[in-house]
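All remarks here apply to the structure that follows.
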Amino acid sequence: MWLSWLTCRNRFTISRITMAFAVSPAKRRALRALAEGTRPTLAILADVSGCLPATIKALSEHDGWNWTGADGKEVAQRVRAIAGDLLVRVETLGRGALAEGGKVDRTEIDSLVAMIRGLDKIGEIMRPDEAAKENQIRQDEDLAAILERIDRRIVELARAFAAQLVAGERGLDRSATDPKRLGS
């Protein structure tokens, strides 16, 4: 009796697993994408539901769906709009300060700076590839400037050392070894 129950139970489990793999590859990809946090799009929802994207769009408009997330272009447009508003506020604050003899409301300045930093962070988060490239370019420029200073210093030291060697061979005094005097 117990053995027949186990056999029956195993057949049921196996049939459930087999049915799970019977889902179309497009539906499986779409389900996985949603499960892993991908932003739901018309195409993904159409794949999961088996409906046409136009049907999903009509349903969403009819029922007033609140779409979560936004693509990069939408976010960029929103960030630009907010940045434009902040620019207007900064300009207004600057004109007001000039009109009042240089007096500026420190709290307003701090809030504007915080909002600008927040927008910058949002931009970095929403476009990680571009932000990474910009950071790499900035780091490369910093490294190039450091290497340029090191190179100039090496040349200065080499000239000074060469001047000391020449002065030592000629028996000149130490003041003659000034690299600026020797035409560097």
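If you number the sequence shown the way our numbering does, the last residue is 186 and the count never jumps. Cβ coordinates follow ideal geometry from the N, Cα and C atoms, glycine included. As the structure is a computational prediction, the values presented were derived from the model and not from experiment.
C-beta contact flag for residue i and residue j at 8 Å
i, j, result
"Leu33", "Val50", "yes"
"Val92", "Leu114", "yes"
"Gly202", "Val81", "For the chain, the structure presents residues 3 to 186; residue 202 sits outside this window and is missing."
"Leu44", "Ile58", "yes"
"Val106", "Ala99", "yes"
Neighbourhood of residue i by C-beta, 7 Å cutoff - its chain only, sequence neighbours within 5 removed
i, result
"Pro118", "Correcting the residue identity first, residue 118 is Ile in this sequence and not Pro. Result list for Ile118: Leu88, in chain order."
"Arg155", "none"
"Ala85", "Leu121"
Same chain, Cβ closer than 8 Å to residue i, five either side skipped, listed in chain order
i, result
"Ile148", "none"
"Ile111", "Leu95"
"His64", "none"
"Lys29", "Asp49, Val50 and Gly52"
Anticipated Cβ contact below 8 Å, residue i with residue j, distance rounded
i, j, result
"Pro55", "Ala48", "4 Å"
Where residue i falls: helix, strand or coil (DSSP)
i, result
"Glu38", "coil"
"Gly173", "coil"
Residues near residue i by beta carbon distance below 6 Å, same chain, minus five either side
i, result
"Thr40", "none"
"Phe163", "none"
Q: Please specify which runs of the alpha helix (DSSP H), each continuous and at least 4 residues long, are wholly inside the stretch 41-127, giving them in chain order.
A: 44-51, 55-65 and 74-101
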